[in-house]
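Chemist:
In the working numbering, the protein residues as written are 229 to 492.
#1: Between the Cα of residue 483 and those of 450, 472, 465 and 282, spot the shortest distance and give me the residue it belongs to.
#2: Going by other Cβ atoms of all chains shown within 10 Å of its Cβ, with 16 needed for buried, is residue 300 buried or exposed?
#3: Just verifying my parser: in three-state terms, what is the DSSP assignment at residue 474?
#4: Since residue 447 sits in a beta bridge, which residues does DSSP pair it with?
#5: Whole angstroms is fine: what's the gap from residue 491's alpha carbon to residue 281's?
#6: What is the residue span of the beta strand (DSSP E) that residue 295 lies within?
#7: What's the C-alpha gap between residue 435 and residue 388?
#8: When you compare the CB positions of residue 270 and residue 419, do they come within less than 8 Å of one another, or not?
#9: Starting from the Cα of residue 277, find the closest Cα among 288, 257, 292 and 294 and give me that residue.
#10: If I measure Cβ to Cβ from residue 479 and keep anything under 7 Å in the same chain, skipping five residues before and after, which residues do I get?
#11: So the candidates are 243, 261 and 262; which of them puts its Cα closest to the Cα of residue 255?
#12: Please name the residue in 402, 416 and 415 whose C-alpha comes closest to that of residue 432.
#13: So, are the CB atoms of residue 323 and residue 272 less than 8 Å apart?
#14: Got a sec? Which residues, its chain only, sit under 6 Å from residue 174 by beta carbon, not counting five neighbours each side?
#15: Run through DSSP, which three-state label would residue 407 get?
#16: So for residue 335, helix, strand or coil by DSSP?
#17: Are the CB atoms of residue 296 and residue 325 within a distance shorter than 8 Å?
#18: In the stretch 349 to 429, which residue ranges form an unbroken alpha helix (DSSP H) of at least 4 residues, counting only runs that do not cross its ends?
#19: Could you please give me the residues that DSSP links to residue 255 through a beta bridge?
#20: Does DSSP classify residue 329 as helix, strand or coil?
#21: Are the beta-carbon atoms of residue 393 and residue 367 separated by less than 8 Å?
#22: Hey, would you say residue 372 sits closer than 8 Å to residue 381, going by beta carbons?
#23: Is the Cβ-Cβ distance between residue 458 and residue 487 less than 8 Å?
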């Protein structure tokens with residue numbers, strides 16, 4: 229907690245777990261537009277002096293809020309502001325984006341540095357390294373995500389596994405994580421940098437898969453992370469067109485309405 233015990237201060241290593249526990253969190257980037265454009269957390273909105281009042285007045289006060297800046301200074305000021313306006317669950321990032329980058333750009337571990345558990349898992353599934361390519365073009369990260377093995381996914385990410393790899397169908401690890409139907413795993417992968425709006429060989433996204441597979445919990449978390457509901461397949465279908473149950477339909481109808489208005 230902060231010195232005044234008003235909001236929570238998170239280390240970079242704790243951010244993914246916190247976001248997994250708060251999949252609907254409002255993620256705010258207090259850096260300038262250029263820095264935001266060069267890289268940001270999935271689902272993050274730009275926060276500056278021109279529109280922060282609108283956010284304070286518009287958002288529900290029971291919605292969790294996570295704020296980061298360059299070095300962890302301005303984020304504290306904004307966090308205090310949200311607390312003053314009655315928000316109940318606010319956190320910021322100690323060390324800011326710099327700390328997040330340092331954590332996620334650490335040199336990949338060598339095979340000799342991998343844990344016995346991870347080495348055994350790789351061997352058991354026929355992989356020779358963290359970025360080896362197996363059946364159907366799947367990497368270890370894809371395999372672990374598909375199996376819903378969060379601990380192995382975390383270990384692979386820490387070992388520097390590629391976030392941008394795709395398999396023979398053109399799907400990435402996030403798509404396969406959606407198959408496991410574990411929202412916390414989806415958050416972990418997205419916040420680690422696995423592209424959330426990646427399209428496969430047919431132009432389909434992870435959001436479309438979740439909608440067509442009646443996975444409302446996954447649809448909800450993908451939308452909260454900033455997934456684009458307006459993307460169309462090669463046949464001009466959107467995730468809304470593919471919704472296979474009522475809850476997915478309602479979630480996507482609302483999200484599509486907001487996204488369409490914002491794009492106008």
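We put the CB at the ideal spot given by N, CA and C, even for glycine.
Modeler: Based on what the coordinates show:
#1: That would be 450, whose Cα lies nearest to the Cα of residue 483.
#2: Counting other Cβ atoms within 10 Å of its Cβ, residue 300 reaches 16 or more and is therefore classed as buried.
#3: In the structure shown, residue 474 sits in a helix (DSSP, three-state: H, G or I).
#4: Paired residues: none, contrary to the question.
#5: Between residue 491 and residue 281, the C-alpha separation is close to 22 Å.
#6: Per DSSP, residue 295 belongs to the beta strand (DSSP E) from 293 to 296.
#7: The alpha-carbon separation between residue 435 and residue 388 amounts to approximately 25 Å.
#8: Yes; because the gap between Cβ atoms is below 8 Å, this pair is in contact.
#9: It is 257 whose Cα lies nearest to the Cα of residue 277.
#10: If we look at residue 479 and ignore the five residues flanking it on each side, its Cβ neighbours are 444, 447, 448 and 451.
#11: Comparing C-alpha distances from residue 255 to each of 243, 261 and 262 shows the shortest one belongs to 243.
#12: It is 402.
#13: With contacts defined as CB atoms closer than 8 Å, residue 323 and residue 272 fail to qualify as a contacting pair.
#14: Residue 174 falls outside the range modelled here, since the chain spans only 229 to 492, and no answer is possible.
#15: Three-state DSSP puts residue 407 in a helix.
#16: Bear in mind that the predicted position of residue 335 carries a pLDDT of just 45, short of 50, making it unreliable; the figure below should be weighed with that in mind. DSSP places residue 335 in coil when its eight states are reduced to three.
#17: In this structure, residue 296 lies closer than 8 Å to residue 325 by Cβ.
#18: 368 to 375, 378 to 386, 401 to 407 and 411 to 419, all fully within the stretch 349 to 429.
#19: For residue 255, the beta-bridge partners assigned by DSSP are 294.
#20: Here residue 329 sits in helix by DSSP.
#21: A contact, by the Cβ cut-off of 8 Å.
#22: At the C-beta level, residue 372 and residue 381 come within 8 Å of one another.
#23: With contacts defined as CB atoms closer than 8 Å, residue 458 and residue 487 qualify as a contacting pair.
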